[in-house]
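Chemist: In our numbering, the protein residues as written are -10 to 77.
Idealized CB from N, CA, C, for every residue including glycine.
1. So what's residue 71 in DSSP terms, helix, strand or just coil?
2. Which two residues bound the contiguous alpha helix (DSSP H) that contains residue -9?
3. What do you reckon, is the C-beta of residue 3 under 7 angstroms from a heavy atom of the ligand MN?
4. For a minimum of 4 consecutive residues, which ranges assigned as the alpha helix (DSSP H) are wholly contained in the region -7 to 29?
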């Protein structure tokens, strides 16, 4: 499971991230994730498995008449078209 968040960086912080991104080829988001893991500790294997188990079956096929792709399209119209255009 992933979560989106928005943060505000100083010009200096942004410049540091951009420079590291260009040097390593990693995206800004990956650099931020690694910094969080480094500073606050990454989730261990057992914790990850427990999180997966807790979410298992969250999308009950009987309760929904649409699949995941249809759901995303309903809440973010045009996303599939934008993704297809970006992957060309």
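Modeler: Working from what's here:
1. In the three-state reduction of the DSSP assignment, residue 71 falls in the helix class.
2. Taken as a continuous stretch (DSSP letters only), residue -9 belongs to no alpha helix (DSSP H), as it is neither H nor E.
3. As for the ligand MN, it is missing from this structure, which has no ligand bound.
4. For the region -7 to 29, the full-length alpha helix (DSSP H) segments reaching 4 residues or more read 0 to 13, 17 to 29 along the chain.
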